[in-house]
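Undergrad: Following UniProt numbering, the numbering of the sequence shown begins with 1 at its first residue and continues without gaps. Beta carbons are placed, not taken as given, at the ideal position from N, Cα and C, and that holds for glycine. Predicted model only: the values in this text are computed from it and were never measured.
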Amino acid sequence: MNKKIVNKTHYNSARTFFKALQPDCTLWGKDLDHANSWIFRGHKNADWSLLPSALRDEDPKAKSFGMPADTHVNQIKCEMHALWEFSSDCDRSGVEIPGDQSLLRSSESFDKIHKETLKASKKPWPFGHWIELATLGQHHGLPTRLLDWTRSSRVAAYFAAEGILSEFSNCTINPKTIAKLETKNICVWGCSLFIVFSNSDTEGVRLFSAPTHSNKFIHAQEGVFLVPHDVNSQSDTKEWKPEPFEEWLSKRVQDTASPVLHQLTMPAIHSFELLNRLRHDNIDHATLFPGASGAADAAYRTRTLERIRRDLRKLRPDIHWSSVPDLDSAAAPL
Numbered sequence: 001m002n003k004k005i006v007n008k009t010h011y012n013s014a015r016t017f018f019k020a021l022q023p024d025c026t027l028w029g030k031d032l033d034h035a036n037s038w039i040f041r042g043h044k045n046a047d048w049s050l051l052p053s054a055l056r057d058e059d060p061k062a063k064s065f066g067m068p069a070d071t072h073v074n075q076i077k078c079e080m081h082a083l084w085e086f087s088s089d090c091d092r093s094g095v096e097i098p099g100d101q102s103l104l105r106s107s108e109s110f111d112k113i114h115k116e117t118l119k120a121s122k123k124p125w126p127f128g129h130w131i132e133l134a135t136l137g138q139h140h141g142l143p144t145r146l147l148d149w150t151r152s153s154r155v156a157a158y159f160a161a162e163g164i165l166s167e168f169s170n171c172t173i174n175p176k177t178i179a180k181l182e183t184k185n186i187c188v189w190g191c192s193l194f195i196v197f198s199n200s201d202t203e204g205v206r207l208f209s210a211p212t213h214s215n216k217f218i219h220a221q222e223g224v225f226l227v228p229h230d231v232n233s234q235s236d237t238k239e240w241k242p243e244p245f246e247e248w249l250s251k252r253v254q255d256t257a258s259p260v261l262h263q264l265t266m267p268a269i270h271s272f273e274l275l276n277r278l279r280h281d282n283i284d285h286a287t288l289f290p291g292a293s294g295a296a297d298a299a300y301r302t303r304t305l306e307r308i309r310r311d312l313r314k315l316r317p318d319i320h321w322s323s324v325p326d327l328d329s330a331a332a333p334l
């Protein structure tokens with residue numbers, strides 16, 4: 001892999017990791033205009049590639065729709081079928097569907113809709129109102145070709161660290177649990193839109209912003225969606241293997257003065273301290289999922305987080321703990 005394309009930096013504490021997430025960190029450029037051209041994505045497992053859910057072998061939801069398929073043509077048909085079913089179920093439950101969905105509301109069979117849709121457009125997949133439908137589906141867990149990102153590095157960090165909190169929420173904190181947390185890394189990916197969209201070799205990468213007036217979660221999370229690369233919707237029946245975005249970029253961008261991607265990693269054991277810092281920056285479930293459900297989830301996560309942090313302090317007093325006040329400092333004791 002071209003080292004200039006992907007820059008990997010490892011941090012050994014929540015404090016240094018958190019500092020690297022700030023907009024004025026030199027990783028993101030010296031001037032704010034350039035720094036603002038970055039988007040971010042958090043993974044609870046740093047070994048995961050930048051691969052959309054519809055193209056992952058291990059994704060159970062994708063498998064239920066026959067994805068990933070053996071050819072591009074079959075893959076597109078599977079993705080379209082998933083969106084068609086999603087649209088139909090949204091319509092039945094009274095959920096507003098983005099774009100012109102008159103064809104999807106018709107009584108025509110899916111096979112006919114599939115053929116007519118591809119015949120009417122020579123554009124790479126996904127196109128037209130299918131993109132708007134995919135952004136809605138992706139945000140609610142439907143496997144699609146889109147990768148969801150955020151314009152906030154700290155929001156990306158929250159989702160990475162919160163994944164660890166959810167995974168270990170019912171675990172007893174003991175030496176065995178700590179060993180697992182110490183051998184696992186979380187990460188935040190940063191992608192330079194400035195470099196991607198100014199490079200002729202990366203033609204085909206597309207960025208979408210879903211309408212935020214109809215989705216308060218996307219607005220709160222500063223969410224954007226990336227199609228890693230176009231696929232010809234009319235041909236290409238050859239067998240294929242899905243390619244992660246970072247590998248696709250490395251093959252096409254031959255030289256660049258600055259990295260296209262940054263991957264910031266940190267041991268998972270520091271995720272709980274990171275969540276504490278983010279909470280005091282007003283980044284948690286309550287603010288990222290506005291509403292009563294988000295507030296209830298935030299309350300539960302706060303108590304779980306404090307229990308885990310308290311137990312970790314007893315077993316690992318050598319870990320740097322923040323001077324930021326505990327989340328429950330003004331709350332009733334556990």
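When the Cα of THR150 is compared with those of SER258, SER192, LEU305 and LYS63, which residue comes out closest?
TA: For THR150, the nearest C-alpha among the options comes from SER192.
Undergrad: Could you pull out every residue in the same chain whose Cβ sits closer than 6 Å to the Cβ of PHE17, ignoring the five residues on either side in sequence?
TA: Excluding positions up to five away in sequence, the list reads TYR11 and MET266.
Undergrad: Between ASN199 and PHE245, what straight-line distance do the alpha-carbon atoms span, to the nearest angstrom?
TA: Taking the straight line from one Cα to the other gives about 15 Å.
Undergrad: Taking the alpha-carbon positions, what's the PHE289 to ASP281 distance?
TA: Straight-line Cα distance between these residues: approximately 15 Å.
Undergrad: Do LYS44 and ILE131 come within 7 Å of each other at the CB atom, strictly closer than that value?
TA: Their beta carbons are not under 7 Å apart, which means ILE131 does not touch LYS44 by this criterion.
Undergrad: Around the Cβ of CYS90, are there at least 16 other Cβ atoms within 10 angstroms (buried) or fewer (exposed)?
TA: Classification for CYS90: buried.
Undergrad: Give the range of the alpha helix (DSSP H) segment to which ARG301 is assigned.
TA: 292-315 is the span of the alpha helix (DSSP H), which, as asked, contains ARG301.
Undergrad: Suppose contacts are defined by Cβ-Cβ distances below 7 Å. Is ARG145 in contact with GLU79 by that definition?
TA: Result yes, Cβ atoms of ARG145 and GLU79 sit closer than 7 Å.
Undergrad: So within the segment 123-211, which uninterrupted beta strand (DSSP E) runs reach at least 3 residues, ignoring any that extend past its ends?
TA: The qualifying runs are 147-150, 185-192 and 206-208.
Undergrad: Would you mind reading off the limits of the alpha helix (DSSP H) that contains LYS61?
TA: Taken as a continuous stretch (DSSP letters only), the alpha helix (DSSP H) holding LYS61 covers 60-64.
Undergrad: Assess, as a yes-or-no matter, whether the segment 203-223 is touched by the segment 46-53 under the definition of 3 or more beta carbon pairs within less than 8 Å.
TA: Flag = no, the segment 46-53 and the segment 203-223 do not touch.
Undergrad: Between the segment 123-130 and the segment 165-173, do at least 3 Cβ pairs fall closer than 8 Å?
TA: Judged by Cβ distances under 8 Å, the segment 123-130 makes no contact with the segment 165-173, as fewer than three pairs qualify.
Undergrad: Between the beta-carbon of TYR158 and the beta-carbon of ILE283, is there less than 7 Å?
TA: Cβ atoms of TYR158 and ILE283: closer than 7 Å.
Undergrad: In terms of residues, what are the limits of the beta strand (DSSP E) holding PHE289?
TA: That residue, PHE289, is in no beta strand (DSSP E); it is neither H nor E in DSSP.
Undergrad: Report back the beta-carbon spacing between ARG277 and ALA69 to the nearest angstrom; my notes put them in contact at under 8 Å.
TA: About 42 Å separates the two Cβ atoms, so there is no contact after all.
Undergrad: Would DSSP call MET80 helix, strand or coil?
TA: MET80: helix per DSSP, three-state reduction.
Undergrad: Does GLY141 get closer than 7 Å to chain D when you measure Cβ to Cβ?
TA: The structure shown contains no chain D; it holds only a single protein chain.
Undergrad: So, is ALA292 buried or exposed, given that buried needs 16 or more other C-beta atoms within 10 angstroms?
TA: By the 10 Å Cβ count, ALA292 comes out exposed.
Undergrad: Would you give the residue range spanned by the beta strand (DSSP E) that THR9 belongs to?
TA: First-last of the beta strand (DSSP E) with THR9: 6-10.
Undergrad: Thinking just about the alpha-carbon of each residue, which of ALA286, LEU312 and ASP311 is nearest to the one in TYR300?
TA: Checking every option, the nearest Cα to that of TYR300 belongs to ALA286.
Undergrad: Among the residues of its own chain, which have a CB less than 7 Å from the CB of THR135, if the five just before and after it don't count?
TA: Excluding sequence neighbours, THR135 sits near LEU146, PHE208, ALA210 and PHE225.
Undergrad: Does the distance from the C-beta atom of ALA160 to that of ILE195 stay below 7 Å?
TA: No, these two residues do not count as a Cβ contact at 7 Å.
Undergrad: Is THR265 helix, strand or coil when you go by DSSP?
TA: Residue state, collapsed to three classes: strand.
Undergrad: Are the beta-carbon atoms of LEU275 and VAL188 separated by less than 7 Å?
TA: Taking 7 Å as the Cβ cut-off, LEU275 and VAL188 do not qualify as a contacting pair.
Undergrad: Take ASP328 and list the residues in its own chain whose beta-carbon comes closer than 6 Å to its own, dropping the five residues that flank it on each side.
TA: The predicted model places ASP328 with a pLDDT of 48, which falls under 50 and marks its position as unreliable, so this point remains unresolved.
Undergrad: By Cβ distance below 8 Å, which residues in the same chain neighbour THR304 in space, the five residues on each side in sequence not counted?
TA: Only LEU165 and SER169 meet the Cβ criterion.
Undergrad: Does the Cβ of GLY223 have 16 or more other Cβ atoms within 10 Å, making it buried, or fewer, making it exposed?
TA: Counting Cβ neighbours within 10 Å, GLY223 comes out buried, since at least 16 surround it.
Undergrad: Since GLU243 and THR71 are thought to touch, with beta carbons under 8 Å apart, how far apart are those beta carbons, to the nearest angstrom?
TA: That pair is no contact at about 14 Å.
Undergrad: Under a Cβ-count criterion, where at least 16 other Cβ atoms within 10 Å of its own Cβ denotes burial, should ASP255 be classed as buried or exposed?
TA: Looking at its Cβ environment, which holds fewer than 16 other Cβ atoms inside 10 Å, ASP255 is exposed.
Undergrad: Excluding the 5 residues preceding and the 5 following GLY66 in the sequence, name in chain order all residues of the same chain whose CB lies nearer than 7 Å to its CB.
TA: Same-chain partners within the cutoff: CYS78.
Undergrad: For SER329, which of helix, strand or coil comes out of DSSP?
TA: Note that SER329 scores 46 on pLDDT, short of 50, meaning its location in the model is unreliable and no value can be drawn from it.
Undergrad: With DSSP run on the structure shown, which of helix, strand or coil describes VAL73?
TA: Three-state DSSP puts VAL73 in a helix.
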